[in-house]
Amino acid sequence: MSRFYKKTSRKTGLSPGSLIYIGKEKREKVKISLINYDKEQILEKKLRSIEEAFAYEDTLPVTWINIDGIHQIDIIEKIGKHFKIHPLVLEDIVHTGQRPKTEDYEDYIFIVLKMISFDDQKNHILSEQVSLILGRHYIISFQEQEGDVFQYVRERIRKTKGRIRDSYCDYLIYALIDAVVDHYFIILEKMGEKIEFLEEELLENPKPHTLENIHHLKREMILFRKQVWPLREVLNSLIKDETELIHEATKLFLRDVYDHTVQVMDTIESFRDVLSGLLDLYLSTISNRMNEVMKVLTIIATIFIPLTFIAGIYGMNFKFMPELEWKYSYPILWVILIIIFLFMFIRFKKKKWL
Amino acid sequence: MSRFYKKTSRKTGLSPGSLIYIGKEKREKVKISLINYDKEQILEKKLRSIEEAFAYEDTLPVTWINIDGIHQIDIIEKIGKHFKIHPLVLEDIVHTGQRPKTEDYEDYIFIVLKMISFDDQKNHILSEQVSLILGRHYIISFQEQEGDVFQYVRERIRKTKGRIRDSYCDYLIYALIDAVVDHYFIILEKMGEKIEFLEEELLENPKPHTLENIHHLKREMILFRKQVWPLREVLNSLIKDETELIHEATKLFLRDVYDHTVQVMDTIESFRDVLSGLLDLYLSTISNRMNEVMKVLTIIATIFIPLTFIAGIYGMNFKFMPELEWKYSYPILWVILIIIFLFMFIRFKKKKWL
Amino acid sequence: MSRFYKKTSRKTGLSPGSLIYIGKEKREKVKISLINYDKEQILEKKLRSIEEAFAYEDTLPVTWINIDGIHQIDIIEKIGKHFKIHPLVLEDIVHTGQRPKTEDYEDYIFIVLKMISFDDQKNHILSEQVSLILGRHYIISFQEQEGDVFQYVRERIRKTKGRIRDSYCDYLIYALIDAVVDHYFIILEKMGEKIEFLEEELLENPKPHTLENIHHLKREMILFRKQVWPLREVLNSLIKDETELIHEATKLFLRDVYDHTVQVMDTIESFRDVLSGLLDLYLSTISNRMNEVMKVLTIIATIFIPLTFIAGIYGMNFKFMPELEWKYSYPILWVILIIIFLFMFIRFKKKKWL
Amino acid sequence: MSRFYKKTSRKTGLSPGSLIYIGKEKREKVKISLINYDKEQILEKKLRSIEEAFAYEDTLPVTWINIDGIHQIDIIEKIGKHFKIHPLVLEDIVHTGQRPKTEDYEDYIFIVLKMISFDDQKNHILSEQVSLILGRHYIISFQEQEGDVFQYVRERIRKTKGRIRDSYCDYLIYALIDAVVDHYFIILEKMGEKIEFLEEELLENPKPHTLENIHHLKREMILFRKQVWPLREVLNSLIKDETELIHEATKLFLRDVYDHTVQVMDTIESFRDVLSGLLDLYLSTISNRMNEVMKVLTIIATIFIPLTFIAGIYGMNFKFMPELEWKYSYPILWVILIIIFLFMFIRFKKKKWL
Amino acid sequence: MSRFYKKTSRKTGLSPGSLIYIGKEKREKVKISLINYDKEQILEKKLRSIEEAFAYEDTLPVTWINIDGIHQIDIIEKIGKHFKIHPLVLEDIVHTGQRPKTEDYEDYIFIVLKMISFDDQKNHILSEQVSLILGRHYIISFQEQEGDVFQYVRERIRKTKGRIRDSYCDYLIYALIDAVVDHYFIILEKMGEKIEFLEEELLENPKPHTLENIHHLKREMILFRKQVWPLREVLNSLIKDETELIHEATKLFLRDVYDHTVQVMDTIESFRDVLSGLLDLYLSTISNRMNEVMKVLTIIATIFIPLTFIAGIYGMNFKFMPELEWKYSYPILWVILIIIFLFMFIRFKKKKWL
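Right under this line is the structure:
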C-alpha cells in the first residue's frame, strides 16, 4: 500500500520548512541542466553546480533550469536562497508525497505534478513527483530521477522554428505540463490493452489468475485516479488565476491541457466501470459453471442411484425371495431399469437440463 | 478498449498546433460541399478544392462549407489560414479524440460534437467527431466521413419556406447540432429494444449468452454516456455565452436542444439502472436454478442412499444371519423400505422442497 | 423499454416547430372545455371548436381552456396563432416525450408536467404529458386523454366560496400543478403496499416469482423517478422567476407544492433503497436455503456412504473370507455400524449442523 | 411501508388550507398548557380552551402555548384566526406527513420537526411531527400526542436561574429544537447497541434470524435518515435568515444545534455503512460455511465411492471369477483399499482441504 | 458501536452551557503546563492550579496553557470566567463527542480537532478530542489525557532558533494543528501495512479469519473518515476567515496543513476502495474454490456411480441370469467398465474440468 502515500513518520515533529528528502534513497549525483533561449539564440548546458545557473538568470528572456534528483538538500537550499522561494515550497519539493497543486506566491508560481510511468516487471504504476517553479524570467523543474518526458520539449526548443521560441516562460511551463499530461495517454493505452486482453480471456477461458489480474488492474486504476484527479483543479486555477506571470494567450493553451486532463479522468472512470463490469461477469461466469457442474452431478446421481438401489434389492441373500426363482425376472428387471432410465431422461429434457 | 480513447502516442512530443490526423487511415478523397443562401437565393455546389469556397464568403449572408473527411491536412491548413483559425482549433479538428466542447474565440465559436452510430455487424456503438466553426457569415463543418445526418438539414434549406431560410448562421448551427442530438434518440431506441429483448430472454430462458449480452450492452452504455455527457455543458455555455455570434432568438432553440440532451442523458442513466437490475436478476435466477438442481439431488440421494444401505446389509454373505432364513423377511423388508420412503417424502413435503 | 422515451425517429429531420403528434394513435375527437369565472360569475362550457373559446378571452378575469387530446394538430395550430405561442412550445405540446420543464416567454409561461397513473392490468406505471400555458388572463391545459385529475379543481371552482374564486390565473395554475402532484401520492401508496406485500412474502415464503416482482417494481421506480425528478427544478424556477404572471402570494402556495415534490422524491428514494434491501435479502435467503439443502445432503451422504461401503465389503464372494464364517460376525458388524453412525451424528451435532 | 409517507389520498382534491387531520384516529381530548414568564415571574397553567390562552399574549414577554394533540381542528382554526396564521401553515400542522422545514412569514416563523421515538415492542422507529410557531412574543408548539421531550425544557424554565429565563422567545425556540435533536442521540445509542449485538452474533453464531435483523435495522436507518436529513437545511436557514425574530446571540446556539444535527447525520451514515458491511459479512460467512459443508461431502464421497465400487465388483456372482478362488484375495483387497484410502487422504491434505 | 458517537443521554435535558464531562471516567489529577515565550526568552512551568497561569497572560507575547484532562469541571469554569469564553465553548470542550469544527468569537477562535491513535491490543482506532482556543496573546489547549503529540512542538519552542520563536500565537496554533494532522499519517501507514498484509494473505491462503479482518479494517476506516472528514472544512474556514487573530503569513502554513488533510482524506478513500476490492476478491476466491470442490465431487461421482450400478447388477441373485454362466463374462465386464471410465475421462478433459 505504500504507493498510496509517502512515509512521513520520519518527518513528524520537525518544524515546517525543514528540508528532509522523502523518497527512495539514492546515490547518483543530481544532474543539473540549463537551457537559456530567446527567438534567435539558444544556450544549452550541463552544469556541475547550481551556482553556475544563477549567472544566466538575467541574460536571455527564458531560463530553464532542470534538476534531475532532489536528494541533495543543499542544492534545493541554494536555489531557495537565490530565488527567494518560500520554505514551504522547498519542503514540498523534497517531500515527494504531495498532491498535485498550484500555489501563487506573486513573484513565482509553484506547481506540483505527478509523472506516471508503468513498471512492466512489477506490472504496476509508478508515480514520480515533478515540481515546477515559474518565475518571471526563469523556470525551475525538479524531477525525482532522470526521465525522458521533457526530452520532446527540449527538442522543440532546439528547433529555431516553432511557437515555443517566440514565447516566454509561461508558454514553456505549458509545454512542460502538456508533456506530463500527454504521457498519461500512453499509460491509459497500456491499461486499455490489458483490460481488453482480460475481457477476451474472461469470455473464452476464465482462470483464477484472471480474477487476480482484474483486481490488480482495479487497484492500479484507484492509484492512477488519485494521482491525476487533483490536476484538474490545478489547471483550472492556473487558467483563472489573475497573475501577471501567465499571459492571456497562453491560457488558451492551458485550457487545451485542461481538456486533456478531463479526458484522462473520463477514461479512467470508464475503465473503472468496465473493470467492475468484468468482475461481475467473472462472478456470474463462475456461478454459471458451477450450475453446469451441479447439473451433471445431479443428472448422473438421480438416474443411477435409484437403479443401483433396485440392483441392491436383488443382491440380497434372503432365502425366500420369490422373484429370484422366476424364469423371466432378469429380463423383466432390465425392462424396468430401462423404463426408469428413460423416464428420468425425459424429465431432465423437459426441465431443459440436458 | 481503444474505442474509449484515441491513440495519441503517435502525437506525443509534438508542439501544439501540429496537424497530425488521428483516426483510421483513409484513402478516399475528401469531399467539400458548399451551400450559400439567403431568404430568396440558394446556391449549392460540390467543390474540387477548398480555395473555391473562399470566393463565396462575402456574397449571401449564410455560407456553409461542409468537409467530409479530415485526413487531408492541407485542406485544414488552408481553411485555418484563410479564416484565421487558432492552431489549437485546427489541431482539435484533425485529432478526433476530443471531448465535446465549445470554445469562444470572439470572431468565431468552435464546437466539437460526437455523432453516434450503431454498427449492427460488430454490434457496437461507433462515435465520430463532428467539428463546427461558427463565424459571422460562415459555418464550416467537419465530419470524419460522409454521413447522412446533415442531409435533412440540407433538404430544409432547399425548401424556400421554413425558418431556416429566414435566419442566419446561428440558426443553421442550431439546426446542425439538433440533427446530431436527434440522431441519438435513434440509437437509444435501438438500445431500448435490445434491453427489452434481453429482459424477455432472461425471464423466459436465460442462457450464458444472455449474460454476455447484458455485459456488452452495459459497456456500450458507458461509452455512449462518455460521448454525450459533456454535451450538456457545451449547450449550456452556448446559451449563457455573451457572444454576438448567437442571437437571443436562437438561444430559445438551443435551449430546446439542451432539453433533448438532458433527456438523452436521463434515458441513458435509466438504461444503465435497468441493465444493472437485469444483471442482478440474472445472478438471482442462476442461484434459484442451482437451488432447484441441488434440491432434486438431495431428495433423490436422501431417499435412496439409506435404502441402498439396507439392501446392502442383506446382500452380505455372513453365514449366520438369522433374518436371511426367516420366511417373511423379504416382504417385511419391503414394508420397512416403503415406510422409510414415505417418511422421507413427507418430511420433504413439509419443508416445501417438493 | 419504450416507456422510457418516446419514439422520435419519425420526427428526425424535420425543422423545429413542425407539429407532428408523437404518441399512441387515437381516433376519438379532441374534447375542448372552457371555464370562465371571477369572484361572482362562472361560465362552464363544452366547445365544439377551439375558435369559440377565443371569444371568452377578455370577458371575466380567468379563462381556463382545457384540451383533452392533442392528436388534432389544427387545434394546436389555431391556439398557437391566436395566443401568439412560440412554435417550439407548440411542438413540445404535441411531442409528448418532453421532460417536465418550465419556460418563461414573458407574455406567457409554458409548463410541462407528467401525470402518473397505474395500470393495474399490465401492473405498471403510465405517464401522460400535461402541458400548461399560463397567460395573463387565460390558462390553456393540454392532456393526452380525458382524465379525472383536474375534476377536483373544477369542483372547487364551481363552489362560490374558496380562495380559488377570489384569485387569478396564477392561483389556478397552482391548483392544477397541485392536483397533478397530489396524484403522485396515490401512486406512491400503491407502490408502498406492493413493497410491503413483497416483503412479507419474502420473509415467509419466497418464490422465484417474488424475485421477478421485486425486479419489476424496481424498474417502475426508475421510471417514476425519471418522470418526477425534474419537477423540483420546475417548481423552483417558478418560485424564483421574476415574472409578473405569478403574484408573490401565490408563490407561497407553489412553495407548498415544491415541498410535496421533495417529499415524493424522498419517498421514491427510500422505496428504491428498501427494494435494493429486499433484493439483497432475497439473495441471502436463497443462499441460506441452499446451505440448508446441502447440509441435509452432506449429513445423509456422510453417514450412509461409509456404512454402505462396509456392507459392500461383506457382500463380496471371496471363497476365503474368515469373518463370513464366524458366528458373531453379523451382530458385531451391527455394533460397529451403530458406533460409526453415532460418531458421525455427534460430530455433526458439535459442528451445529443438526 | 406506510411509515414512509402519510396516507394523503383522503385529502386529494381539496383546496389548500382545508384542515383535515392526517394521522391515526384519536379519541383523547387535546391538552393545552401555557407557560408565561420573564426573568422574575412565571405562570404555568393547564387550559381547558384555547381562548383562555389568548388573554396572556401581551402580558409577560414570553408566552409558550403547547398543544398536545392536533386532531381537534377547531382549536387549530381558532389559533389560526387569532394569530393570523397563513392557512397553508395550519394545513401543514394537521397534515402530519410534512418534511422538516422552516418558513418565514415575517410576523412569525413556522418550523416543522420530527420527533423520533423507538417502539420496543414492534422494534421499529416511530416519527411524530412537532410544529413550532415562533412569534414576536409567543411560541406555539404542536405535538401529535403528549410526550416528555419538552419536559426538560419546562423544568429549566421553572428554575429561576439559567439563561432561559433571561432570554426571549427565540431562545426558547432554540431550547425546544435542541430538546428534539438531543433526543435523536438516545435513538442512535439504541441503534448502535443493536448493531453491536448483531455484529457479535454474526461473528459467533449467525442464524437466518440475524439476516432479517440486519435487513430490519437497515430499513429503520433509511427511515431515520429520511426524517432527520432535511433538518440540517432547516437549521441552516434559521441561522442565515435575516429575520428580526431571532437575535444574533441566539444564532450561536442554533449553530450548536446545527452541529449536533450534522453529527446525527454523520452517525446515521456510518451506521448504514457498518450495516452494509455486516450484510456482506453475513453473505461471505454463509459462502464460507457452504464451502466447509461441500468439502466434507466431497471428501467422504471421493474416498468411499471408489472403494464401494471395488467391493461391488467382488460382490458379483459370475461363475468364472478367478480372484474369488484365490486364497489371499481378501487380505490383498484390504491392502489395496487402504492404499487407495491413504492416497486420497494425502491428496486432500495437500490441497489443504483437511 | 459506541466509538461512533459519545453517550449523550446523560446530558439530555440540561440547559446549554451546563458543564458535564462526557467521556470515560478518570481519577488522575488534571495536568496543567504553561509555556511563555518570545524571541529571546522562554519560561516553561508545570502549574498546580489554573489561577497561576492567569498571571502570565500579559507578560511575553505568546502564552500557551496546555490542560491534560478535562474531567475537572472547575478548572474549565475558571478558564471560562477569566478569558470570557462563551458557555457553549466550555460545554463543547468537556463534551468530547464534538465534530471537528472552528468557531470565530471575535476575541478568540475555538477549534475542535480529533487526535487519532491506534490501540494495538484491541486492534482498533481511538479518537481523542483536542480543543484549542486561540486568543490574541494566549493559546489554551485541552487534551482528554496526557499525550505526546504536542511534545515535538514543545521541543521546537525550546530551541532558540526556528520560525516558531519569531512568530506569534497564530503560528503556534498552526504548529499544534499540524502536529495533530501529521500524526494521522502514522495511523495511515499502520493501516496501509495491515491492508497489504491482508492482501497477501488473501492471494496466498485465505481463511475465514481474513474475512473478519477485512471487515474490521473497513469499519475502522469508516470511523477514521468520520473523524477526519470535517477537518477540511475547519482549515478552509480558518484560511478564509477575516479575523485579525491569524496573520496572512500564517495562512500560507495553514494552507499547507489543508493540503495534508486533503491527502489524508484521499488516502482514506483509496484504502476504502482497496478494501472493497479485497472483499470482492475474497468472495470470488471462495466461489472459485467451491467450484473446484464441486468439480472433484462431480468427476468422482459421475465416473463411479454408473460403474457401481453395473457391478450391482451382476451382484443380483436371480437364478436365471445367462451372463453369470458364460465363461468370459468377467473379463468382458472389465473391458466394458474401462471403456466407460475412459469415455467419461475424455469428456471431462474436453470440458476442461480436468
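Residue numbers (numbering that gives the first Met the number 0), protein chains in the order written: chain X, 0 to 353; chain Z, 0 to 353; chain G, 0 to 353; chain C, 0 to 353; chain B, 0 to 353. Glycine residues also receive a C-beta, built at the ideal position from the N, C-alpha and C atoms. Since this is a predicted model, take the numbers as computed values, not measurements.
How big is the Cα-Cα spacing for residue i and residue j?
i: G:A300; j: C:M293; result: 11 Å
i: Z:S275; j: G:M343; result: 45 Å
i: Z:R9; j: X:R157; result: Confidence at Z:R9 is low in this model, with a pLDDT of 46, below 50, so its placement is unreliable and the value that follows should be read with caution. Taking the straight line joining both Cα atoms gives about 20 Å.
i: X:P99; j: X:Y173; result: 15 Å
i: G:F340; j: B:F196; result: 43 Å
i: C:L353; j: G:K206; result: 36 Å
i: X:P229; j: B:Y257; result: 14 Å
i: B:L202; j: X:K113; result: 30 Å
i: G:L296; j: B:I213; result: 32 Å
i: G:I221; j: Z:H259; result: 19 Å
i: X:T307; j: X:Y313; result: 10 Å
What residue range is occupied by the uninterrupted alpha helix (DSSP H) comprising residue i?
i: C:N235; result: 207-239
i: G:V180; result: 168-203
i: Z:I356; result: Since the first and last residues shown for chain Z are 0 and 353, residue 356 of chain Z lies out of range.
i: G:H259; result: 247-312
i: B:E127; result: Unbroken run through B:E127 is the beta strand (DSSP E), 123-133; no alpha helix (DSSP H).
i: C:S328; result: 328-349
Throw me the rounded Cβ distance for the residue i and residue j pair, which I believe falls under 8 Å.
i: B:E219; j: B:H123; result: 6 Å
i: B:E127; j: B:Q144; result: 7 Å
i: B:F270; j: B:I194; result: 6 Å
Could you give the residue range of the beta strand (DSSP E) that holds residue i?
i: Z:I34; result: 30-36
i: C:S17; result: Here C:S17 belongs to no beta strand (DSSP E), and DSSP marks it neither H nor E.
i: C:V61; result: 61-67
i: Z:V111; result: 108-118
On the DSSP bridge assignment, give the partners of residue i in chain order.
i: X:L46; result: X:I31
i: C:T159; result: According to DSSP, C:T159 bridges with nothing at all.
Shorter than 7 Å, the distance from the beta carbon of residue i to the closest heavy atom of the ligand NAD, or not?
i: X:S130; result: The ligand NAD is absent from the structure shown, which contains no ligands of any kind.
Subject >> Against chain G: residues of the segment 267-286 of chain C by CB proximity under 8 Å >> reply: For the segment 267-286 of chain C, which is checked against every Cβ of chain G, the residues closer than 8 Å are L278, Y281, L282, I285, S286.
**OP:** Note down, in chain order, all residues in the segment 316-344 of chain G with a beta-carbon under 7 Å from any beta-carbon belonging to chain Z.
**Re:** Under the 7 Å Cβ criterion, the segment 316-344 of chain G contributes N316, L323, E324, K326, S328, Y329.
Original post:
Name the residues in the segment 290-304 of chain Z whose C-beta lies less than 8 Å from a C-beta of chain G; which are they?
Top reply: Those residues of the segment 290-304 of chain Z that come within reach of chain G (Cβ to Cβ, closer than 8 Å) are N290, M293, K294, L296, T297, A300, T301, I304.
Original post:
Using Cβ-Cβ distances below 7 Å, what residues of the segment 228-259 of chain B are close to chain X?
Top reply: Cβ contacts with chain X: L251, F252, D255, D258.
Original post:
Which residues, in order along the segment 85-109 of chain X, keep a beta-carbon less than 9 Å from a beta-carbon of chain B?
Top reply: Residues of the segment 85-109 of chain X with a C-beta atom less than 9 Å from some C-beta of chain B are H85, P86, L87, E90, D91, G96, Q97, R98, K100, E102, Y104, listed in chain order.
Original post:
Between the segment 172-194 of chain X and chain B, which residues of the former have a C-beta closer than 9 Å to a C-beta of the latter?
Top reply: Taking 9 Å as the Cβ-Cβ cut-off against chain B, none of the residues of the segment 172-194 of chain X qualify.
**OP:** Compile a chain-ordered list of the residues in the segment 207-222 of chain Z whose CB is closer than 8 Å to at least one CB of chain G.
**Re:** Taking 8 Å as the Cβ-Cβ cut-off against chain G, none of the residues of the segment 207-222 of chain Z qualify.
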